[in-house]
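Working notes, structure below.
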Amino acid sequence: MLQHLLLHPPVWCPHLQAGMRGLRGLYVGLLNTFFYTAFALYFPPHVEQLPTITSQTSGHLIALPYDESFLFKCEAKGNPRPTYRWTKDGMDFDPHKDPRLKTKESSGSFVIPNGKDIVKYQGKYRCYASNKLGTAISEEKEFIVPMVPKFPKEKIEPVVVAEGDSVVLECIPPKGIPPLQLYWMTKDLRHIEQNERVSMALNGNLYFSNTLVTDSHDDYCCFASFARIRTIVQKPSMALRVRTINSSQAGDGIISVQERKPRFLVPSNHMTTYLKKGEELELECIAEGLPTPTIEWEKMKDSLPKRANVMKYGKLLTIPDVTEQDEGKYMCKAKNSLGEAVHHFHVVLEEPPSWREEPVKIQLAEIGSDIHIKCSATGKPQPTITWKRNGRLLDDFPSTNLKVLDDSIIIHRAELRDTAVYQCEASNKHGTLLANANVLVMNHPPLILTQNYLEYATMLGKSVIMDCKVFSSPTAALHWRREDPEGSVDGERFSLLKNGSLQIHRVEMEDMGQYKCLANNSEGTASITTELFIKDSTRIVEPPQDIKVRRGSMTELECLVECDPTLRRELEILWLKDGIDILSNYTEDSGYNIDVGILHIFNVSHSDEGNYTCIARTSLDQNTASAYVTVLDVPDPPIQLVLSDLKDRSVMLHWLASNDHNSPITEFIIQYEENYWEPGKWKELLRVASSQYSAPLMLHGHINYQFRVIAVNAMGRSRPSMSSERYKTPPCAPDRNPENIKIEGLLPHQMDISWEPLLPVEHNGPGLEYKLSYRLLGVEDSWKEQMVKRHSFVVSDTPTFVPYEIKIQAHNEHGWAPEPRLVTGYSGEDLPLAAPENVSVEVLNSTLLRVSWSPVPKAALRGHLGGYMVHWWQTQSLLTTKRIPSERQTLSIHGNRSHTMVPGLKPFSQYSLTVNVFNRKGDGPSSSHISFTTPQGVPEQPPILRATNFQKNSITLVWAPPHEANGFLTGYLLQYQTINETLGKLNSVNISTPETTQWVLLDLGEDNWYKFYLSACTEVGCGSAVSEEGGTVSEACDGICQVSDAVNTSKGFHLIEGLSPGTMYTVRLLASRRVDASSIFEEVFETKKVSSKQALPSQEWFVGMMCAMAILTLIVLIGCFVLRNIGGKYAVKEKEESPSDPESRAMSEETPCEYSDSDEKPLKISQQLFVGDFKEDDSSEDSSVISEDKDCEFNEDGSFIGEYSDYTRRVSKEVNGHRSVTA
């Protein structure tokens, strides 16, 4: 098949027809001339075709010894299939008849294996490919079998010359495959040194411009290296002997060394140098003479090109890649002190043949037409043109209608017999060009090669080309028309291309439809139909946005694309960074990941900064959007630190800023390091604005400094710069005195003085010490002085707490610091001597007290006033006759105050109180005790309230009394209201008997939900209320109703424990916790009875348990009695835990909740037991305590077992026949 020209990109939809993938191109099929050209001609398979060589051996073949075989390639196409024959050196050569050669059927190629007899295959080969229409020939290729190069074996006589004479040692290397490298060495492989006097020429000879005695050697060897065949050969060694001439013997007739002017040894005569364009020009001049001549080069009437190189001590001029401008005359000049010699070179540039106009490879002509074959070549010398037909000279084919005119062949009124392969060869001494021109003379009706019913697709506003590729002879006439809907293709938007295709510019929606291409010539007519579809364009609806990201973090760029639904499968989204495809040009470790239009960049680095482009493309169009990623980072370190203006106590530091990495520098930090006190430790010295690149630095004396600079931006600090040079300041007196002087009196008769010493860098010189001066304030005029090296001193034998004046001055070997400032301090303190007087109290309410006193005189303080301390403790609760052990509480009042408030007192209690003063040394004596009492208060909230025994019109409420009554309990206030869908009226019930702990509310509405509020009351009022909810039922529960925990809906069962044997039970599954709620499921069952044998062990176990509990109760009572006699009344604390959900189970175990030893009354059950569902009150903290009490449970009749208790101590007292409980 012939090559064809691709003119336009593909414009069809692969989803519409998979078979279209092979037609991605528009082919030239029609010209407005009489014949077709090879650039567009395509022959259908059934049309006969002339042979065309498609593959042949490139260049000459050299049989190198390390190659296994050598391929002579010749492949051709044609219809019928071509046959092959070869010639060698112009004679027929049949590879199939030589058993050593490897051949292949239906191929013209053959292989020559490397072996002993390979020399016989040396020669020039040409391939001929033929069928019945004609013969094509290949270029002639030479097969070269190199011989192993050798120097001739010969005995070379020594060369003897007089000192100062010139001499040439000849190499004359053997012929071989280039490249050739020559060099001279001795037998022990030492290179012969070359210089201005001794040099090797391009021909390999060794030239001595003049000789020295030291040139005498017996082992001058020339070596020739042939790299292609990996061979080095050596010429037999040569001896050079230089006779010494002593100039002092000239008077005796011996000739002295004679100086002479230059004479050229190379080249020997004027010459013209021919070379091809692009080669390297080498011109060589070697001259002899004494003194040794020097060589100069120049180009006549011009200057040497800049590409020229002078090598080998001036003896070789080279110009690489020569052009026409390098042609001309060159001159070399050899000079010494006695004269000069010149030589001229004429450089002529030649070229091998090249095509000026190569023959058209294939021409299809109709019968009777004129055919022109043009073959024009250029070169230097001008190539000669030789014409052949089917591999034979035209002279062998006499013809009346063929004429050769210079570089062209004209065939008039072509006939079928003129079909042939015509060869044109252009040759000069530098090479040969061969071209085969296939000429096929025939007539053929139009054959449209483009597929029928092909579908194209494009976007609105774009251009589209619809193909109509035609093979015909003579040339077919083509035209297009609209089919569906019918219409013409006239207008400026429609173009008929030379290859027969129809191009529509700026496509509109009405262009969609069917089109027909028609082709006709004198031999017949043909047509095809195509269809055009209009698609929605591809759009980037959410393009990536410019972002700034910190180095080391992760970021992403999003590219959201919409396209025509029919093109969605082939939609492709690509990402480019700075124009380079990320997916195909970056490795997995580069940190990029692409996921459905989102580009993720991990561990962002500086190399990730750049322009990122999202390309959304289909087979029909593409769209792009770009965003710039800016990488932020800390700055690079400042550079080029320089010190200037070096003074005793200051220096000027200069620097330059580096890359800020897209975040402007905000400031510079200057640090210093000194190598005496803290070597290697860098400290901050100064900060300057980002606009400054220099700063004056104030320094301390006697310090060896070096500096560095850190740049700061919003991302952080840069790495430190390189350190500056060191600068040492001279010593001087200290600049300042110690600060933060602290004066303390740890003992009454001494004064401890300490201060903050100077930093080591502030010493400014060696020998730092401090002068401490002190005197009594207002008493002494003279100073007492001490020289100390540490930073503390103790003054002994001082009066107690008297003021002193103190000053401290720094000093070193170079002088004193400035005059110090005076500081006043006191000597040691002692405990205060007096207590506050006139202490009085005012009880403001049941929990708050106001205390006042007279300040203690200064003389009695004996130190700095710290403040006053108020101490108080409860001595007795007015609810009981028993005294309470002292629990002392303290309140500190700092400063010189004479009154304070004491909060947190317990109501209805008796207290004692004292006041004392304190200083830094400690507390003074306490004032006299003052007693006072607090009035009654309101009770605490009752700890528990439970609603139970739900009936149609009544509910039973059960509660426990408050832990702290804070006075005489007078009763309870019970309030309740309905809370169905709306809140009902709030009703109240006053319960005037304080010992009551349960109440039955009657006359309630049937099937209502209530909220109850209960608060305890004293004479002062009622406390906060505890709340509970419960409701009446529409039908009373038969028997005892118990509600379980919430059922785990993820399980298919629920376990009910604690049932009695042989008992009838009803089980209901309810939607809510209310017993009157409608049941989802209900079933009646009876538990199994227990036999007497089974019951007996249970009875024995029960008796044992009851005995153990009785013994344990007796032990506890004895312990309580002993503790009461020893330390007063103590309550035995029981750990009380109710079930985790009191609404879900009934409690039936009777266990006492409290023991009491009040007024010698026996332990008793003070409250009734009850049964039923009860609910914890979320609003009461105490109710949560009850819920954890396992010992406080309810009996089936609804009364308490025991008395509620949760405190560490409990006091009970009978007052006026009523029992109140406080803590």
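One point on numbering: in the numbering used here, the residue at position 1151 of the sequence shown is 1994, and numbering is uninterrupted.
Backbone N, C-alpha and C fix where the C-beta goes; we use that ideal spot for every residue, glycine too.
Remember, it's a predicted structure, so these values are computed and weren't measured experimentally.
> Taking the C-alpha atoms as reference points, what is the distance between Glu1329 and Leu1463?
Replying inline: 26 Å
>> In whole angstroms, give me the CA-to-CA distance for Arg1040 and Ile1015.
In response: 21 Å
>> If I measure Cβ to Cβ from Gly1234 and keep anything under 6 Å in the same chain, skipping five residues before and after, which residues do I get?
In response: Tyr971, Thr978 and Ile980
> Using the beta-carbon count (16 or more within 10 Å), is Thr1757 buried or exposed?
Replying inline: buried
> If you run the structure through DSSP and keep just helix, strand and coil, what is Gly1947?
Replying inline: Under the three-state reduction of DSSP output, Gly1947 falls in the helix class.
> If we count the other Cβ atoms within 10 Å of its Cβ and call it buried at 16 or more, is Ser1877 buried or exposed?
Replying inline: exposed
> In three-state DSSP terms, what is Ala1859?
Replying inline: strand
>> Could you tell me the alpha carbon to alpha carbon distance between Glu1648 and Ser1771, rounded to whole angstroms?
In response: 40 Å
> So Pro1904 packs on Thr1875, CB below 8 Å; how close in whole Å?
Replying inline: About 34 Å; that fails the 8 Å criterion.
> Shortest alpha-carbon distance to Leu1207 belongs to which of Arg1726, Asn1281, Val1190 and Pro1195?
Replying inline: Asn1281
> For Ile1736, which residues does DSSP report across the bridge?
Replying inline: In the DSSP assignment, the residues bridged to Ile1736 are Tyr1711.
> When burial is assigned at 16 or more other CB atoms within 10 Å of the CB, is Glu1131 buried or exposed?
Replying inline: buried
>> On a Cα-Cα basis, can you pick out the residue from Leu1124, Tyr1173 and Val1165 that is closest to Trp1140?
In response: Tyr1173
> How should Val1552 be labelled, buried or exposed, when 16 other C-beta atoms within 10 angstroms of its C-beta is the threshold for buried?
Replying inline: buried
> Whose C-beta lies closer than 7 Å to the C-beta of Gln965 among residues of the same chain, with five residues either side of it excluded?
Replying inline: Contacts found: Phe986, Ile987 and Val988.
> Between Ala1576 and Asn1607, which are expected to be in contact by the criterion C-beta below 8 Å, what is the C-beta distance as a whole number of angstroms?
Replying inline: 6 Å
>> Going by the DSSP bridge assignment, what does Gln1753 pair with across the sheet?
In response: Gln1719 and Thr1776
> Between the C-alpha atoms of Cys1457 and Glu1401, what's the straight-line distance to the nearest angstrom?
Replying inline: 9 Å
> Taking only runs of the beta strand (DSSP E) that begin and end inside the stretch 1406-1451, which ones reach a length of at least 3 residues, in chain order?
Replying inline: 1415-1420, 1435-1438 and 1441-1444
> So, Ile1787 versus Trp1802, is the Cβ gap smaller than 7 Å?
Replying inline: yes
>> Quick check: Pro1746 and Leu1687, are their CB atoms within less than 7 Å of each other?
In response: no
>> Strictly by DSSP, which residues pair up with Arg1460?
In response: Glu1415 and Gln1465
> Is the number of C-beta pairs between the stretch 1637-1648 and the stretch 1610-1629 that are closer than 8 Å three or more?
Replying inline: Yes: at least three Cβ pairs fall under 8 Å.
> Are the CB atoms of Met2106 and Leu1339 nearer to each other than 7 Å?
Replying inline: It is not possible to answer for residue 2106, since the shown part of the chain is limited to 844 through 2066.
> Which word fits Phe1855, buried or exposed, when buried means at least 16 other C-beta atoms lie within 10 angstroms of its C-beta?
Replying inline: buried
> For the alpha helix (DSSP H) that contains Lys1701, what are its first and last residues?
Replying inline: Lys1701 to Leu1704
> So what does DSSP say about Tyr1455, is it helix, strand or coil?
Replying inline: It is a strand residue.
> Is Tyr1156 helix, strand or coil when you go by DSSP?
Replying inline: coil
> Near Ala1538, what residues of its chain come up, given a Cβ to Cβ distance below 7 Å and the 5 sequence neighbours on each side ignored?
Replying inline: In the same chain as Ala1538, and ignoring 5 residues on each side of it, the C-beta atoms closer than 7 Å to its own belong to Leu1496, Ile1513, Leu1529 and Val1531, in chain order.
>> Considering only heavy atoms of the ligand GTP, does any lie closer than 6 Å to the CB of Gln1168?
In response: The model depicted lacks the ligand GTP and carries no ligand whatsoever.
>> So the candidates are Arg1633, Thr1227 and Ala1808; which of them puts its Cα closest to the Cα of Thr1723?
In response: Ala1808
>> Measuring alpha carbon to alpha carbon, tell me which residue in Tyr1063, Ile1834, Gly1864 and Ile1596 is nearest Gln1818.
In response: Ile1834
> Exposed or buried, what is His1348 when buried is set at 16 or more other beta-carbons lying within 10 Å of its beta-carbon?
Replying inline: Around the beta carbon of His1348, fewer than 16 other beta carbons sit within 10 angstroms, so the residue counts as exposed.
> Quick one: what does DSSP say Met1285 is sitting in, helix, strand or coil?
Replying inline: coil
> Can you name the start and end residues of the beta strand (DSSP E) that His1654 belongs to?
Replying inline: Pro1646 to Asn1655
> In or out: Ile1651 buried (at least 16 other Cβ within 10 Å) or exposed?
Replying inline: buried
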